[in-house]
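Please read the structure below before turning to the comments.
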Amino acid sequence: MPNGERDWDGVRLHVVTGKGGTGKTTTAAALALALARGGRRVLLVEVENRQGIAQVFDAPPLSYAETKVASAAGGGTVMALAVEAKAALLEYLQLFYKLGRAAGVLEKFGAIDFATTIAPGIRDVLLTGKVYEAVRRRENGRPVYDAVVLDAPPTGRIVRFLNVNAEVVGLAKIGPIRNQADSITTLLRSPQTVVHLVTLLEEMPVQETADGARDLAAADLPVGGVVVNLVREAVLPVRRLAAAGKFGLDADEVAAGLAEAGLPASAAVVDGLLVEARDHAARLALEKRERAEVTDIGRPVYELPALASGVDLGGLYLLADRLTEQGMA
Amino acid sequence: MSPTTRGRGRRPAAGSPRLDVDALLRDRGTRIIVCCGAGGVGKTTTAAALGLRAAEQGRSVVVLTIDPARRLAQAMGLEQLDNTPREVKGVDTAAGGRLDAMMLDMKRTFDEIVESHSTPEKAQQILANPFYQALSSSFAGTQEYMAMEKLGQLRAEADRDGTWDLVVVDTPPSRSALDFLDAPQRLGSFLDGRFIKLLLAPAKVGGKAYLKVFSSGVNLVTNTLTKVLGAQVLRDIQTFVAALDTMFGGFRERADVTYRLLQEKGTSFVVVAAPEGDALREASYFVDRLAGERMPLSGLVLNRVHDAGAGSLSAERSIAAAETLTERKVHPLTAQLLRLHAERAQVATREKALTTRFTAAHPDVPMARVPAFAQDVHDLDGLRQVGRDLTA
Chain S
557 MPNGERDWDG VRLHVVTGKG GTGKTTTAAA LALALARGGR RVLLVEVENR
607 QGIAQVFDAP PLSYAETKVA SAAGGGTVMA LAVEAKAALL EYLQLFYKLG
657 RAAGVLEKFG AIDFATTIAP GIRDVLLTGK VYEAVRRREN GRPVYDAVVL
707 DAPPTGRIVR FLNVNAEVVG LAKIGPIRNQ ADSITTLLRS PQTVVHLVTL
757 LEEMPVQETA DGARDLAAAD LPVGGVVVNL VREAVLPVRR LAAAGKFGLD
807 ADEVAAGLAE AGLPASAAVV DGLLVEARDH AARLALEKRE RAEVTDIGRP
857 VYELPALASG VDLGGLYLLA DRLTEQGMA
Chain C
71 MSPTTRGRGR RPAAGSPRLD VDALLRDRGT RIIVCCGAGG VGKTTTAAAL
121 GLRAAEQGRS VVVLTIDPAR RLAQAMGLEQ LDNTPREVKG VDTAAGGRLD
171 AMMLDMKRTF DEIVESHSTP EKAQQILANP FYQALSSSFA GTQEYMAMEK
221 LGQLRAEADR DGTWDLVVVD TPPSRSALDF LDAPQRLGSF LDGRFIKLLL
271 APAKVGGKAY LKVFSSGVNL VTNTLTKVLG AQVLRDIQTF VAALDTMFGG
321 FRERADVTYR LLQEKGTSFV VVAAPEGDAL REASYFVDRL AGERMPLSGL
371 VLNRVHDAGA GSLSAERSIA AAETLTERKV HPLTAQLLRL HAERAQVATR
421 EKALTTRFTA AHPDVPMARV PAFAQDVHDL DGLRQVGRDL TA
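Protein chains in written order, with our numbering: chain S, 557 to 885; chain C, 71 to 462.
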């Protein structure tokens, strides 16, 4: 609980991945809000052209420019950026090669499209390269951002995405692309970076999380915490759960309660409630098994509640509070 | 423009028409079913469930999966990735059908295209090229291109040997569902396009001659590429392109042929989604796109739907009643069940609102709903249950 300790002090780049549908973007956004508390400046980055960040913050679509999307408690700021490979390449060329007119010619001959969509690995070098630049950017002798949170591709593609070095090694043994990939890899493998995995308490996401943690570690990428999203509270006490799972709850008692509260106590309503109780028990039993699997991964675990109304901006602050309480930020 | 819809059922009083899955599967005119949608919505499970149901109703089916979860793969006997369809064991073949399944090996599929379209020496040269190796195993669109290619091959084999009368495809877990349609053409046009010709120019014409033919722009581009990529990478690409020379035209043509296959009457797109904002937005884009491309859409499969069991009770009424009981310190069990129901009713209401948004934008798209299971599907019985839910 709130102990003022942050588990990831010293980390500048938080990469957030997870199986599709687990709430990766929501978690990344809540983490950015939590990290920004107390006057810090955090950049939240997305790389898949999904405009997911704009949606969770209920903001207009992001462009290739860092835009403020939220203020955190105590004066902190969350900036957001949607990195797009083509813009990143043009920026990179301008910065390092002072291209000017040549950029237009490259575009005309299809070279830019080639580099950003076809040439294997280059796209990922460009996307992670922009993140690298943001982490390292300094102004007046200090980093511009206290932390960068990357809403990364899903677990199934995360190792390939971050392992840019391995990806270009087959292609470029020497040369500028290789050098850029090397610098990015150095940052990604340093203690300044962690990769968090988001999961649900369901079989496939948990399995993918365990596989992902193993694959990341095998690629020398630092595994951070596991965020268990959409956790439901047990509404029934433990002794009743067992009975509920076997349809062993007292139907007459339920009907009497409904009548007392002035609700229709028809068999349909009573049966409906009992079926829901059975489903709830089955779900909790499954969650218990999956929670044990999550613990076995051996990384710090954080939990985020399911908000029945879905996540809006207010809900996002609530989730950020939960992460702060648990010491993730 | 409204999408072409087939297999449409009767329209209920409100909302979307029902997607009649059995009519779609029974229709011998249905030759290809493509399952597409955002990641994590249950595309693979839906594809497998459709394939199994069709097979047990007497059709000869092959299911092409891209990246199945481990246990589902095991259940279907897909333990090795050998790029060949294998018969699925445990299928009820009483109706005269059969079910084969395979998992896509994209590198192998690409290698096979190269091998079948060039001389053995040239194929060897291409396969050994570092640029080709990187392209065939890691380019983000290769998987989509090869999935399309494999679909075309399976369909051709079905036509030739009569092995299958239905091909069910699961689409790759791309950034966007649209990648499945776009990536093959992107690769095709790259391989046949202007940029390749430019790379090819020095090798073909050489020296001064090509300077005359092309503008000074060519020099500028090659110089810049050398600076940015490094001379070695550019050389690899040029050798690759030169070796591929004989195959040009072929790639775009193949992509075009498969693309046209997707527009045929015998093809059916099933868009898969879950009642969540992202997934439904993605489904919406896809439905519009299919309409724009005149590709036949059968309907939407909405997975993981939470229905409130005691449906008539609203969340608000349930909470109020639970509070009354708690205040009076009576019937704690009923109060707990009502709170549980309120939660579920809230979720159901939210899902319904999201679904209604989709329906409002696409009132003619038929829909089938599959309830959320407590457990994942990882055996044939689980797939049969999904099949029953799809048609319930």
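Yeah, the Cβ is synthetic: ideal placement off N, Cα and C, and Gly gets one too.
Legend entry - Where Val-239(C) sits in the DSSP three-state scheme: Mapped onto the second sequence, residue 239(C) falls at position 169. Reduced to three states, the DSSP call for Val-239(C) is strand.
Inset, instruction - Name the one or two DSSP bridge partners that Leu-829(S) has. - result: Taking the first residue of the first sequence as position 1, residue 829(S) is located at position 273. The bridge partners DSSP lists for Leu-829(S) come to none.
Inset, instruction - Run the CB neighbour count on Gly-452(C), radius 10 Å, all protein chains shown included, and call it buried at 16 or more, exposed below. - result: By 1-based counting over the second sequence, the position of residue 452(C) is 382. It is buried - the Cβ of Gly-452(C) has at least 16 other Cβ atoms within 10 Å.
Inset, instruction - Verify the CB distance criterion: does Ile-733(S) have a CB-CB separation below 8 Å to chain C? - result: By one-based count along the first sequence, residue 733(S) stands at place 177. True, the Cβ-Cβ gap to chain C drops below 8 Å.
Legend entry - Exposed unless 16 or more other CB atoms sit within 10 angstroms - verdict on Leu-651(S): Residue mapping note: residue 651(S) aligns to position 95 of the first sequence, counting from 1. Exposed, because fewer than 16 other Cβ atoms sit within 10 Å of the Cβ of Leu-651(S).
Legend entry - Proximity test, Cβ basis, 8 Å: Gln-455(C) and chain S: On the second sequence, residue 455(C) is found 385 positions in, with the first residue counted as 1. Output row for Gln-455(C): interface = no.
Legend entry - The beta strand (DSSP E) enclosing Lys-624(S), as first and last residue numbers: If you number the first sequence from 1, residue 624(S) lands on position 68. Counting along the chain, the beta strand (DSSP E) containing Lys-624(S) begins and ends at 623–628.
Inset, instruction - Return the chain-ordered list of same chain residues with a C-beta closer than 7 Å to the C-beta of Gly-677(S), the five sequence neighbours on each side being excluded. - result: As a first step, residue 677(S) is located in the first sequence; it is residue number 121 there, counting from the start. Listed in chain order, the non-local C-beta contacts of Gly-677(S) below 7 Å within the same chain comprise Val-720, Glu-723, Val-724 and Leu-727, local neighbours out to five positions each way being set aside.
Inset, instruction - Rounded to whole angstroms, what's the CA-CA distance from Glu-789(S) to Lys-335(C)? Just pull it up for me. - result: Position 233 of the first sequence, counted from the first residue, corresponds to residue 789(S). Position 265 of the second sequence, counted from the first residue, corresponds to residue 335(C). C-alpha separation (whole angstroms): 49 Å.
Inset, instruction - Would you mind working out which of Val-794(S), Arg-568(S), Arg-562(S) and Asp-563(S) sits nearest Arg-745(S), comparing C-alpha positions? - result: Residue numbering aside, residue 745(S) sits at position 189 when the first sequence is read from its first letter. When only C-alpha atoms are compared, the closest one is Arg-568(S).
Legend entry - Under the three-state DSSP convention, the category Gly-574(S) falls into: Residue numbering aside, residue 574(S) sits at position 18 when the first sequence is read from its first letter. Strand, per DSSP.
Inset, instruction - Just the chain C side, please: which residues come within less than 7 Å of Ile-730(S) by C-beta, in chain order? - result: By one-based count along the first sequence, residue 730(S) stands at place 174. Chain C residues near Ile-730(S): Gly-300 and Gln-302.
Legend entry - One or two residues paired with Val-375(C) in a DSSP bridge: Residue numbering aside, residue 375(C) sits at position 305 when the second sequence is read from its first letter. Under the DSSP definition of a beta bridge, Val-375(C) partners with Pro-441(C).
Legend entry - Any chain S beta carbon closer than 8 Å to Ser-382(C): Residue mapping note: residue 382(C) aligns to position 312 of the second sequence, counting from 1. True, the Cβ-Cβ gap to chain S drops below 8 Å.
Inset, instruction - Give me the Cα-Cα distance between Ser-627(S) and Asp-249(C), rounded to the nearest whole angstrom. - result: The residue you call residue 627(S) lines up with position 71 of the first sequence. The residue you call residue 249(C) lines up with position 179 of the second sequence. The alpha-carbon atoms of Ser-627(S) and Asp-249(C) are separated by roughly 35 Å.
Legend entry - Alpha-carbon to alpha-carbon, Pro-617(S) and Val-447(C): Residue mapping note: residue 447(C) aligns to position 377 of the second sequence, counting from 1. Residue mapping note: residue 617(S) aligns to position 61 of the first sequence, counting from 1. Roughly 37 Å between the two C-alpha positions.
Legend entry - Three-state class that DSSP yields for Phe-233(C) in the structure shown: Stepping through the second sequence from its first residue, residue 233(C) is reached at position 163. One point to set straight first is that residue 233(C) is Thr, not Phe, in the sequence displayed. Coil.
Inset, instruction - Note down the Cα distance separating Gln-255(C) from Arg-264(C), rounded to an integer number of angstroms. - result: By 1-based counting over the second sequence, the position of residue 255(C) is 185. By 1-based counting over the second sequence, the position of residue 264(C) is 194. Each residue's alpha carbon lies about 14 Å from the other.
Inset, instruction - With a cut-off of 8 Å on the beta carbons, I'd call Ile-609(S) and Ala-629(S) a contact; round off their distance for me. - result: Looking up residue 609(S) in the first sequence gives position 53. Looking up residue 629(S) in the first sequence gives position 73. The Cβ separation is near 20 Å, so there is no contact.
Inset, instruction - List the residues of chain S that Gly-121(C) touches, going by C-beta distances under 8 Å, in chain order. - result: What you label residue 121(C) is simply residue 51 of the second sequence in a count that begins at 1. Result: empty, since nearest Cβ-Cβ is about 19 Å, beyond 8 Å.
Legend entry - Contact residues within the segment 107–132 of chain C, judged by C-beta distance below 7 Å to chain S: Ala-108, Gly-109, Gly-110 and Val-111
Legend entry - Thr-337(C), enclosing alpha helix (DSSP H) - first and last residue: For this step, residue 337(C) is matched to residue 267 along the second sequence. Unbroken run through Thr-337(C) is the beta strand (DSSP E), 337–343; no alpha helix (DSSP H).
Inset, instruction - Assuming Leu-718(S) and Leu-777(S) form a contact by the criterion Cβ under 8 Å, report the distance between their Cβ atoms to the nearest whole angstrom. - result: Mapped onto the first sequence, residue 718(S) falls at position 162. Mapped onto the first sequence, residue 777(S) falls at position 221. Indeed they touch by this definition, with Cβ atoms about 6 Å apart.
Legend entry - Of the listed residues Gly-128(C), Ala-204(C), Val-133(C) and Gly-147(C), nearest to Ile-103(C) (C-alpha basis): The residue you call residue 103(C) lines up with position 33 of the second sequence. It is Val-133(C) whose Cα lies nearest to the Cα of Ile-103(C).
Inset, instruction - Indicate whether at least one CB of chain C lies closer than 8 Å to the CB of Tyr-688(S). - result: Residue 688(S) sits at position 132 when you count from the first residue of the first sequence. Tyr-688(S) is outside the set of residues whose beta carbon lies under 8 Å from a beta carbon in chain C.
Inset, instruction - Verify whether the separation of the beta carbon atoms of Thr-179(C) and Lys-113(C) is less than 8 Å. - result: In the second sequence, the residue the question calls residue 179(C) occupies position 109. In the second sequence, the residue the question calls residue 113(C) occupies position 43. Not in contact: Thr-179(C) and Lys-113(C) (Cβ atoms no closer than 8 Å).
Legend entry - Straight-line Cα distance separating Arg-427(C) from Gly-576(S): In the first sequence, residue 576(S) corresponds to position 20, counting from 1. In the second sequence, residue 427(C) corresponds to position 357, counting from 1. Roughly 22 Å between the two C-alpha positions.
Inset, instruction - Following the continuous alpha helix (DSSP H) through Thr-711(S), name the residue where it begins and the one where it ends. - result: By one-based count along the first sequence, residue 711(S) stands at place 155. Note, Thr-711(S): alpha helix (DSSP H), 711–718.
Legend entry - Inter-stretch contact at 8 Å, needing at least 3 Cβ pairs: the segment 750–769 of chain S / the segment 365–373 of chain C: no
Legend entry - Helix, strand or coil at Ile-103(C) [DSSP, three-state]: As a first step, residue 103(C) must be located in the second sequence, where it is residue number 33. Three-state result, Ile-103(C): strand.
Legend entry - Where Tyr-620(S) falls: helix, strand or coil (DSSP): As a first step, residue 620(S) is located in the first sequence; it is residue number 64 there, counting from the start. Tyr-620(S): coil per DSSP, three-state reduction.
Legend entry - Residue from Leu-645(S), Val-715(S), Val-791(S) and Gln-736(S) whose Cα sits closest to the Cα of Ala-775(S): Taking the first residue of the first sequence as 1, we reach residue 775(S) at position 219. Cα-wise, what sits closest to Ala-775(S) is Val-715(S).
Inset, instruction - Counting only the same chain and skipping the five closest in sequence on each side, list residues whose C-beta sits under 7 Å from that of Ala-273(C). - result: If you number the second sequence from 1, residue 273(C) lands on position 203. Note that Ala-273(C) scores 46 on pLDDT, short of 50, meaning its location in the model is unreliable; the coordinates nonetheless yield the value given after this. Only Gln-308 and Ala-312 meet the Cβ criterion.
Legend entry - In DSSP terms, what Leu-24(C) is bridged to: Summary: the structure shown does not reach residue 24(C), with chain C confined to residues 71 through 462, and so no result is reported for it.
Legend entry - Spatial distance of Arg-698(S) from Arg-597(S) (CA atoms): Taking the first residue of the first sequence as 1, we reach residue 698(S) at position 142. Taking the first residue of the first sequence as 1, we reach residue 597(S) at position 41. Spanning the two alpha carbons is a distance of roughly 12 Å.
Legend entry - Cβ of Gly-320(C) within 8 Å of any chain S Cβ: Position 250 of the second sequence, counted from the start, is the residue given in the question as residue 320(C). It does not; no Cβ of chain S falls within 8 Å.
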